[in-house]
Amino acid sequence: MILKASPANLLLFVLALPFLQLQSAPVSQPTCVLPRRTTAMDTFLASIQTRLKSEPTAPVIVVSGNESADLDSIVSAVTTSFFLSRLQQSLLGQSNAIVVPFVNIDRQDLALRSDVVYLLASSNINPDDLFFRDQLPQLESILQRGPDQLSLFLVDHNQLAIGMSSLSTAKVVGILDHHVDAGLYKDTAKIRRIETVGSCASLIADQFLNDTIALDLKTTDGKGEPDWIQQSARLLLGPVLIDTRNLNPEFKKVTPLDVKIAQQLMPYTGDHSCLTSIFTTIDKARQDTSKLSFYDLLRKDYKEWAVNQTSTGETVLVGMSSVNGVIDLFVKRHGKEVILQALDKWAFKRGLQLFMVLFGQDLGPNNGGYQRQIILDPRSKGLQGFSAQLETATELKLKRTTVVDKHDFVQRGGRAYQQHDISFSRKQIAPIVEKLLTSSDSKQSNM
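Throughout the sequence shown, residue numbering follows mature numbering (1 follows the signal peptide of the UniProt record, and there is no 0), covering -24 to -1, 1 to 423 in sequence.
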C-alpha cells in the first residue's frame, strides 16, 4: 500500500509502508541497544588528532555545524565528516585530506546539551574525538600555512558564523542546509544543497548514505553489512525524529524527504517500538532543564547574526535563544528577577541590540498540548518600539502576556507573548525578524 506523502498523510505513510533498504546492503537483525564494537567511524574519529600531528602538510576540511550546536547541527557535522572521509575523492577531488568534525561551542558547554550527550553515548561516539571552539587556534594555525591548506564544509547553516570569522579566508567547498539561503559561496562550493526539510540530518543521509554504503559493498564484494551503518543510522535518526516531533505532520515540519530517510534508517535501528523509544528518550533528555540555571538555558541553544540597515548604515546584532519549557515554569522556579537578570547578563555579554528568547514545550493533551512563547528584549533605544513591528507578523498569532513584566523591562520595549501558531520555530522566525528590521517601518526607528 502506497500513500501520497502529503502533509496529512505523512504519519500514515510511515506506518503503512514496509521498511525500505538502502542500496543492496544486507540488514542484520537490529536491536534497540547498539552493540559495542569498534567501527570504521570510531577508527576515523580517533585518528584525526594523530593525523594532524603526523601529516602536517595534508589539506584539512573542517565540517562545521552552526553556533547553536543543537542535536541536528552536531550530528550533521559528525556524520558528514565521516562520509566525506570516504567520498572526498569523488565529491571534492581530494584523496588525502584530513576531515575534522567541528562543534561550534566550547567543550565544557556540551554538558548543557543533555540530548546530544545521550545520543552520542548511545551511539558509542566519544566526544573527546570531536573538535570544539576551544581548538579554533589549532585550525587557525593550519590556515596560516596557506590558503589551500584548510577549507570549510558548512552543515545546518549556509553563512559562516560570527564566531568563526578567523577562518573567513578559507574556501567554503560545501554546504548542506535547510535554512533561508543567504546566497553565498556559489563560486566555491562543489556541493551546495539548501532545501526546506525538517532536519538537516535528512539532507546528510540523502546526500551521502547510499554512495558510502555502495563504496563499502564494492570493497567487500557485497559481503556483510558495513560495520558503521547501525551507528550512523542511530545518529541520523535522532535529529530527524526530534526536529519533526516524531514525524508528526501537526507541527508542519516533516517533509517527504524526512519520511523517506526515516524509513531508510529504521531497519538498522529497530522496529517501531525502538523508533518511539529513541524519540521519547532523546526528547525527555532535551526537555529536562531542572539542573540548569536560566542563564545556562539562554546560552545552551543560541544563535546570533548581524542585520545591516542600509537606510541608516547601522548594524543590528540580533541574538535568539531557544529554550525548552514555558515562561510560567521558569517564573515559578526562579522568579521574574532571576529571569530578567539573566536576560541582561547574556545580552550584555554578547553586545546585543535585540534579544529574543523562544520557548516551546509539549504540556500534554490535558494541558493545552504543545505551547510556544516569546520574550522580546530590545537593548537599543532605537528599537524600543520594535514590539509593534513584531506584532504586525500576524502569521505568528501573538498574544501579549504580562508574566515577566517589570517596569524597566517594559520601559525599554520588552514584551512577552503567547505564540498561537506553533509551526513557527527559530528557523522561520529569524527571517521574519530580519525582514522587519530592514523594512520601511524599521527605517524610522532612529537607530
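Think of the CB as a built atom: it goes at the ideal place given N, C-alpha and C, for glycine as much as any other residue. Note that the structure is predicted; figures quoted are calculated from it, not measured.
By the 10 Å Cβ neighbour count, where 16 or more other Cβ atoms means buried, how is residue i classified, buried or exposed?
i	result
Phe107	buried
Leu(-10)	With a pLDDT of 35 at Leu(-10), under the threshold of 50, the modelled position of that residue is not reliable, and no figure is offered here.
Pro407	exposed
Asp104	exposed
Thr145	exposed
Gln337	buried
His133	buried
Thr19	exposed
Phe324	exposed
Asn343	exposed
Pro354	buried
Leu(-3)	Because Leu(-3) carries a pLDDT of 34, less than 50, the predicted location of this residue cannot be relied on, and the following value inherits that uncertainty. By the neighbour-count rule (16 or more Cβ atoms within 10 Å), Leu(-3) is buried.
Asp110	exposed
Ser142	exposed
Pro341	exposed
Pro32	exposed
Ser282	According to the sequence shown, residue 282 is Ala rather than Ser. Exposed, since its Cβ has fewer than 16 Cβ neighbours within 10 Å.
Ser(-1)	With a pLDDT of 34 at Ser(-1), under the threshold of 50, the modelled position of this residue cannot be trusted; read the value that follows with caution. Its Cβ having fewer than 16 others within 10 Å, Ser(-1) is exposed.
What separation, rounded to the nearest whole angstrom, lies between the Cα atoms of residue i and residue j?
i	j	result
Ser57	Glu410	31 Å
Tyr244	Arg12	15 Å
Asn100	Asn72	26 Å
Ala87	Asp124	34 Å
Leu316	Ala364	21 Å
Ser44	Lys308	26 Å
Gln387	Val302	23 Å
Pro2	Gly200	Interpretation of Pro2 is limited by its pLDDT of 41, a score under 50 that renders its predicted location unreliable; the figure taken from the coordinates is listed afterwards. Those two C-alpha atoms are separated by around 6 Å.
Leu(-5)	Asp397	Reliability of the predicted coordinates at Leu(-5) is poor, the pLDDT of 32 falling under 50, and no value is obtained from them.
Ser4	Leu334	Low confidence applies here, because Ser4 scores a pLDDT of 43, under 50, leaving its location unreliable and the question unanswered by this model.
Leu413	Ile218	31 Å
Pro383	Leu366	This sequence places His at residue 383; Pro is not what is there. Near 20 Å, if we compare the C-alpha coordinates of Leu366 and His383.
Ala137	Phe129	12 Å
Ala261	Tyr94	7 Å
residue 424	Thr14	No information on residue 424 is available, as it lies outside the stretch -24 to 423 that the chain covers here.
Lys29	Glu280	34 Å
His154	Asn300	21 Å
Phe78	Leu339	34 Å
Asp82	Lys276	11 Å
Gly361	Ile167	42 Å
Trp204	Lys403	31 Å
Ala190	Phe184	10 Å
Leu274	Gly345	23 Å
Thr55	Leu213	11 Å
Leu352	Gln394	11 Å
Ile180	Thr378	42 Å
Starting from residue i, follow the alpha helix (DSSP H) in both directions and report where the run begins and ends.
i	result
Asn186	Cys176 to Thr195
Val409	Arg402 to Leu413
Thr145	Neither: Thr145 is in no alpha helix (DSSP H) and is coded neither H nor E.
Ala282	No alpha helix (DSSP H) contains Ala282, which is instead part of the beta strand (DSSP E) from Tyr278 to Gln285.
Lys29	Ala16 to Ser30
Ala53	Leu47 to Leu68
Ile254	His248 to Gln263
Ile101	Premise fails: Ile101 is in no alpha helix (DSSP H) and is neither H nor E.
Ser117	Leu112 to Leu119
Val230	Here Val230 belongs to no alpha helix (DSSP H), and DSSP marks it neither H nor E.
Val380	Run containing Val380: none; DSSP gives neither H nor E here.
Write down the C-beta distance between residue i and residue j rounded to the nearest angstrom, noting that I regard them as a contact closer than 8 Å.
i	j	result
Val230	Lys312	That pair is no contact at about 36 Å.
Gln135	Leu10	At roughly 35 Å, the Cβ-Cβ gap does not stay under 8 Å, so Gln135 and Leu10 are not in contact.
Leu223	Ala209	About 15 Å; that fails the 8 Å criterion.
Asn80	Gly122	Not a contact, Cβ separation roughly 24 Å.
Arg62	Thr188	5 Å
Ile50	Val92	5 Å
The beta strand (DSSP E) with residue i in it runs from where to where?
i	result
Val75	Ile74 to Val79
Ala348	Correcting the residue type first, residue 348 is Arg in the shown sequence and not Ala. Residues Tyr346 to Pro354.
Trp322	Here Trp322 belongs to no beta strand (DSSP E); instead the alpha helix (DSSP H) covers Lys312 to Arg326.
Phe335	Leu330 to Asp338
Ile138	Note, Ile138: premise wrong, no beta strand (DSSP E); not H, not E.
Ile218	It is not in any beta strand (DSSP E) - Ile218 instead sits in the alpha helix (DSSP H) that spans Ile205 to Asp219.
Gln394	Arg391 to Gln395
Lys375	Leu374 to Thr377
Ser363	Per DSSP, Ser363 belongs to no beta strand (DSSP E); it is in the alpha helix (DSSP H), Phe362 to Leu366.
Ile37	Val36 to Ser40
residue 424	Given a span of -24 to 423 for the chain in the structure shown, any question on residue 424 remains unanswerable.
Asn300	Glu290 to Asn300
Ile167	Ile167 to Ile170
Got a sec: does the ligand PLP put a non-hydrogen atom nearer than 8 Å to the Cβ of residue i?
i	result
Pro243	Within the structure as shown, the ligand PLP is missing, as the structure has no ligands at all.
Using a Cβ-Cβ cut-off of 9 Å, state whether residue i counts as contacting chain D.
i	result
Val299	Looking for chain D here will not work: only one protein chain is present.
Validate contact between the stretch 290 to 305 and the stretch 31 to 43 using beta carbons, cut 8 Å, 3 pairs: no
Stretch pair the stretch 156 to 176 + the stretch 18 to 36: three plus CB contacts closer than 8 Å: no
Three CB pairs or more closer than 8 Å across the stretch 250 to 269 and the stretch 365 to 373: no
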